[in-house]
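Residue numbers for the sequence shown, in my numbering: 1436 to 2026.
Even glycine gets a Cβ: it sits at the ideal position worked out from N, Cα and C.
Each remark here refers to the structure printed beneath this line.
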Amino acid sequence: MSYRAPVEDILATMRHVAGLDALLADGLAPELEDGLTEAVLEEAAKFAGDVLAPLNVVGDKHGSTLKDGVVTTPPGWKEAYHAWAQGGWNALPGPEAYGGQGLPTLVQSACTEMWNSAAFAFALGPLLTVGAIEAVHAHGSEHLKETYLAKLVSGEWMGTMNLTEPQAGSDLNALRCKAERVGDGTYRITGQKIFITYGEHEMTDNIVHLVLARLPDAPAGTRGISLFLVPKYLVNADGSLGERNDVRCTGVEHKLGIHASPTCAMSYGDNGGAIGWLIGEENRGLACMFTMMNNARLNVAVQGVAIAERAYQQALAFAHERKQGTALDAPKGAPMSPIIVHPDIRRMLMEMRAKTQAARTLSLLLAATLDRSHREADEAKRKAAAERAAIITPVAKAYATDIGVEVASTGVQIHGGMGYVEETGAAQHLRDARIATIYEGTNGIQAIDLVLRKLPLSNGEAVKALIGEMRGVVEQVREANTPGFGHTAARLGTAVDSLERATQWMLQTMGADQASALAGATPYLKLFALAQGGTGLARKALGLRGEDTGAAALATARFFAEHNVAEAPGLELAVTEGAGAVADSAAVFAA
């Protein structure tokens, strides 16, 4: 099934929810004047639909293979990557001093959605490279920047992130990979890493690994972790590639989905130690890696939107084509009708559409907020934007990836039995979507991060300001007095009230009874996402009044409010009154 990037809805969300027009009015994105955003997105859409989308099924069927230490990606993969890099797409957000275009994160995120909708497994590699560029640019020495950044920005080389070890997944305290000082400014890295996305492949001449490791005299725990740049090939003084470094791929995982993305087990230092260079300061590697991680969490949120969009488009097309039963008002003896005429099929399609677009509002709002946190001239405004982005990050990552799975699953349901067999492709979306709720911090960890670290920012004032803005949107919907909104204002108002009470409960409880706060963290995050996503869809509907797409935006906002946001009071109860049931469940799992 073909893919057509939803450029119109992406642009509407950028303008009316993320605040693209405000960024331009405030002079924070002068490079986007004169319609550049529209031009970039249109060209990105063509590449995604014409070049990448046809490779999605090919990649799933062929996968990436390892033989004699060499990983080979599926047919067409390498050629598509080279065309993509030569088209300048890898350089889109890169620093201009190293050949990048320096475009805002908002534009990059919009394009990232298209790449991932077209071919999820393909887009994973470039996403890690973007994060590596950010980490090296923010924390690397001048030597590392001059040696590696231009090649990473152009896409001539790719980057990876090496955190996980067999015994150290979410808990990096257990990390054992070692680093030894050599005395010449380099380090020798030894150890094993697993689940390394694009850890080995033939698509680029060099791969730049960012590796977490411990020095011999490092403090225990995460305070003793350092970050190192370890290239696959060493780089000569003239910039040419030298000898192979002591790093190799020992295996490629056989996975539920994203078959074409080589998820590698990596071994460092089997023959004396891989040569690496310190990024940032010794024992401060986690802070450097989080520069990369925060970028990755936004991108993973966008992946959730992307896979949901692809699954929705396929289900919608199938519902128009597949004929079963007859319409309720069809005359006796009428031929079978397309299944889209059946109310429950329409309900499922609207569920898919509304969840996808709500998640898009969250992701693009986060991207624009990150832009403000870097581009505002006033320090106080930068701080406020950074705190807002910190709050939205776990909400967007968790909600968007959760709905990616839910929407893909609904897509299989709409296909019926044909969704359960591989030939339609609906099952691939579900298989591919499942990883996004796990990597870059599981969604349970996102909920913990939101509750313990993000809500207390500025003594709770940052989250209260966000809730205040949501309440303002509710009032705008009420004042609009538009019949098409139905019960939207009432449902959103109830949700914001529930969120406000649950937030106050969290702020009061987390200090005195952390266990109870954590028991309600996941339902709290979902409550937050429903309120934020619901008001985002309402803002878009308000902004599109009078335009051709206004009626569809209005119907989508109303459906989300009346069918999804309506869950808010129950989630509030799960947060504020559900901890006892979680605590008492300990007896169920006693040995």
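Which listed residue (the options) has its alpha carbon closest to that of residue i
i     : options                    : result
F1963 : L1977, G1985, A1952, E1935 : E1935
T1991 : V1665, Y1622, A1789        : A1789
E1477 : M1549, T1507, G1529, P1489 : M1549
Q1748 : A2003, M1449, A1603, A1861 : A1861
C1684 : T1507, F1753, A1483        : T1507
R1974 : C1723, F1920, G1494, D1495 : F1920
N1706 : L1650, E1822, G1626        : G1626
P1530 : A1480, A1483, R1817, K1586 : K1586
T1639 : G1560, I1710, Q1911        : G1560
Q1521 : S1589, G1720, D1495        : S1589
A1603 : A2001, T1657, G1851        : T1657
I1693 : N1999, S1499, A1924, R1807 : S1499
W1512 : S1696, E1577, G1768, L1650 : S1696
N1734 : S1437, L1801, N1680        : L1801
I1827 : Q1967, C1699, E1717, A1868 : Q1967
L1501 : A1825, H1689, A1824        : H1689
A1464 : R1781, I1624, Q1738, L1538 : L1538
A1897 : R1823, T1917, M1941        : R1823
For residue j and residue i, the rounded distance between their alpha carbons
i     : j     : result
L1805 : T1540 : 7 Å
D1764 : A1793 : 33 Å
R1906 : G1928 : 7 Å
V1492 : S1552 : 12 Å
L1487 : M1727 : 25 Å
I1742 : V1617 : 46 Å
A1987 : R1993 : 10 Å
L1989 : A1976 : 5 Å
E1811 : P1441 : 30 Å
A1819 : G1470 : 29 Å
E1875 : T1836 : 11 Å
V1687 : L1960 : 34 Å
M1945 : L1562 : 35 Å
L1751 : T1761 : 18 Å
E1514 : F1557 : 12 Å
N2029 : K1832 : Since the first and last residues shown for the chain are 1436 and 2026, residue 2029 lies out of range.
G1971 : R1439 : 23 Å
A1930 : W1524 : 40 Å
T1564 : S1933 : 40 Å
Y1703 : L1784 : 48 Å
T1845 : T1796 : 21 Å
A1479 : D1485 : 10 Å
E1637 : V2017 : 49 Å
A1925 : G2005 : 16 Å
T1599 : R1913 : 49 Å
D1619 : A1722 : 25 Å
P2019 : T1877 : According to the sequence as given, residue 2019 is Asp; it is not Pro. Distance between the alpha carbons of D2019 and T1877: 24 Å.
P1528 : N1641 : 21 Å
L1865 : N1999 : 21 Å
A1573 : E1468 : 27 Å
E1678 : Y1533 : 25 Å
Residues near residue i by beta carbon distance below 6 Å, same chain, minus five either side
i     : result
H1497 : P1509
A1731 : G1566, E1875
R1450 : D1456
Close beta carbons around residue i, own chain, < 8 Å, minus the five adjacent residues each side
i     : result
Y1583 : V1571, G1575, W1592, V1643, L1664, P1666, V1670
L1579 : V1571, L1664, W1712, I1714
M1701 : N1597, Q1627, K1628, I1629, I1631, G1634, E1635, H1644, V1682, R1683, C1684, T1685
I1883 : L1953, A1956
L1676 : D1640, N1641, Y1668, L1669, V1670
G1985 : A1976, L1979
E1581 : none
Cβ-Cβ separation, residue j to residue i (assumed contact under 8 Å), whole Å
i     : j     : result
I1849 : T1791 : With 8 Å as the limit, I1849 and T1791 do not qualify as a contact, their Cβ atoms being about 14 Å apart.
K1613 : A1648 : 6 Å
Q1881 : P1829 : 4 Å
A1518 : L1799 : Not a contact, Cβ separation roughly 26 Å.
E2007 : H1922 : The Cβ separation is near 18 Å, so there is no contact.
G1594 : S1661 : Contact flag wrong, Cβ pair sits at about 18 Å.
A1937 : V2010 : 5 Å
N1718 : P1654 : 6 Å
Beta-carbon contacts of residue i that lie in its chain and below 7 Å, excluding the five residues immediately before and after
i     : result
A1554 : L1487, A1488, L1490, N1491, G1494
Q1911 : L1977
S2031 : Examination of residue 2031 is not possible in this model, given that the chain is present from 1436 through 2026 alone.
R1817 : S1808, E1811
L1610 : E1600, A1603, L1647, R1649, I1660
heavy atom of the ligand FMN below 7 Å from residue i C-beta
i     : result
Y1533 : As presented, the structure is devoid of all ligands, the ligand FMN included, so that no description of it is given.
With a threshold of 8 Å, are at least 3 pairs of Cβ atoms found where one atom belongs to the stretch 1535-1549 and the other to the stretch 1436-1449? yes
Is the stretch 1879-1897 touching the stretch 1950-1957, taking contact as three or more C-beta pairs under 8 Å? Flag = yes, the stretch 1879-1897 and the stretch 1950-1957 touch.
Touch check for the stretch 1752-1759 and the stretch 1774-1786: three-plus C-beta pairs under 8 Å? yes
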